[in-house]
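Residue numbers (this note's numbering): 12 to 107.
Worksheet for the structure shown next.
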(Lines of atoms letter the chains of each structure in order from A; the text may use other names.)
(Lines give C-alpha, C1' and ligand atoms only; values in the text may rest on other atoms or scores of the structure.)
Protein backbone atom coordinates (compact mmCIF):
# COMPACT_ATOMS: atom_id res chain seq x y z
CA UNK A 12 0.00 0.00 0.00
CA UNK A 13 1.22 3.49 -0.82
CA UNK A 14 0.63 6.28 1.69
CA UNK A 15 1.24 9.80 0.36
CA UNK A 16 1.68 12.84 2.60
CA UNK A 17 2.24 16.35 1.34
CA UNK A 18 3.71 18.73 3.90
CA UNK A 19 2.65 22.39 3.94
CA UNK A 20 0.83 22.21 0.59
CA UNK A 21 -2.00 20.28 -1.06
CA UNK A 22 -0.90 17.88 -3.77
CA UNK A 23 -3.24 17.86 -6.76
CA UNK A 24 -4.82 14.72 -8.22
CA UNK A 25 -2.41 14.69 -11.16
CA UNK A 26 0.64 14.58 -8.86
CA UNK A 27 -0.92 11.93 -6.62
CA UNK A 28 -1.72 9.75 -9.66
CA UNK A 29 1.89 10.16 -10.88
CA UNK A 30 3.24 9.12 -7.46
CA UNK A 31 0.92 6.06 -7.36
CA UNK A 32 2.02 5.00 -10.86
CA UNK A 33 5.78 5.42 -10.32
CA UNK A 34 5.98 4.12 -6.76
CA UNK A 35 3.53 1.30 -7.51
CA UNK A 36 6.15 -0.26 -9.78
CA UNK A 37 8.50 -0.58 -6.79
CA UNK A 38 6.12 -3.02 -5.07
CA UNK A 39 6.72 -5.62 -7.79
CA UNK A 40 10.36 -6.08 -6.81
CA UNK A 41 9.75 -7.70 -3.42
CA UNK A 42 6.93 -9.99 -2.35
CA UNK A 43 7.02 -9.21 1.35
CA UNK A 44 7.34 -5.42 1.08
CA UNK A 45 5.72 -3.30 3.77
CA UNK A 46 3.69 -0.17 3.10
CA UNK A 47 5.51 2.52 1.16
CA UNK A 48 5.31 5.96 2.78
CA UNK A 49 5.85 8.85 0.39
CA UNK A 50 6.43 12.33 1.80
CA UNK A 51 6.33 15.33 -0.53
CA UNK A 52 7.67 18.61 0.81
CA UNK A 53 9.06 21.94 -0.27
CA UNK A 54 12.69 22.62 0.50
CA UNK A 55 13.75 26.00 1.96
CA UNK A 56 15.64 26.68 -1.26
CA UNK A 57 13.40 28.21 -3.92
CA UNK A 58 12.07 25.82 -6.57
CA UNK A 59 13.43 22.73 -4.84
CA UNK A 60 11.06 19.83 -4.18
CA UNK A 61 11.86 17.00 -1.77
CA UNK A 62 10.52 13.45 -2.02
CA UNK A 63 11.12 10.84 0.68
CA UNK A 64 10.25 7.17 0.22
CA UNK A 65 10.28 4.84 3.19
CA UNK A 66 9.41 1.15 3.38
CA UNK A 67 10.34 -1.99 5.22
CA UNK A 68 11.61 -5.34 4.04
CA UNK A 69 11.98 -8.09 6.64
CA UNK A 70 14.80 -7.05 8.96
CA UNK A 71 15.56 -3.71 7.32
CA UNK A 72 14.14 -0.21 6.92
CA UNK A 73 14.75 1.36 3.52
CA UNK A 74 14.72 5.14 3.10
CA UNK A 75 15.44 7.20 -0.01
CA UNK A 76 15.31 10.98 -0.27
CA UNK A 77 15.71 12.97 -3.47
CA UNK A 78 15.60 16.67 -4.35
CA UNK A 79 14.73 18.08 -7.77
CA UNK A 80 13.19 21.10 -9.46
CA UNK A 81 9.87 19.25 -9.91
CA UNK A 82 8.09 16.64 -7.82
CA UNK A 83 7.81 14.38 -10.86
CA UNK A 84 11.57 14.37 -11.37
CA UNK A 85 12.22 13.76 -7.66
CA UNK A 86 9.64 10.94 -7.50
CA UNK A 87 11.15 9.25 -10.56
CA UNK A 88 14.69 9.44 -9.13
CA UNK A 89 13.56 8.23 -5.70
CA UNK A 90 11.53 5.34 -7.13
CA UNK A 91 14.46 4.20 -9.31
CA UNK A 92 16.84 4.37 -6.34
CA UNK A 93 14.37 2.46 -4.15
CA UNK A 94 14.08 -0.29 -6.78
CA UNK A 95 17.86 -0.74 -6.71
CA UNK A 96 17.92 -0.72 -2.91
CA UNK A 97 15.15 -3.34 -2.74
CA UNK A 98 16.94 -5.58 -5.25
CA UNK A 99 20.16 -5.34 -3.18
CA UNK A 100 18.26 -6.12 0.04
CA UNK A 101 16.62 -9.10 -1.65
CA UNK A 102 20.02 -10.38 -2.87
CA UNK A 103 21.51 -10.02 0.61
CA UNK A 104 18.59 -11.90 2.09
CA UNK A 105 19.02 -14.86 -0.25
CA UNK A 106 22.81 -14.97 0.20
CA UNK A 107 22.37 -15.92 3.87
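All C-beta atoms in this analysis are idealised placements derived from N, C-alpha and C, irrespective of residue type, glycine included.
Rounded to the nearest whole angstrom, the C-alpha separation of residue 49 and residue 38 is 13 Å.
As DSSP reads the structure, residue 72 sits in a beta bridge with 67. In this structure, 35 is the residue among 80, 35, 26 and 85 with its C-alpha nearest to the C-alpha of residue 45.
Counting only residues of its own chain and dropping the five nearest sequence neighbours on each side, residue 19 has a CB closer than 8 Å to the CB of 52 and 53. Residue pairing by DSSP puts residue 51 in a beta bridge opposite 17 and 62. DSSP places residue 85 in the uninterrupted alpha helix (DSSP H) bounded by 82-106.
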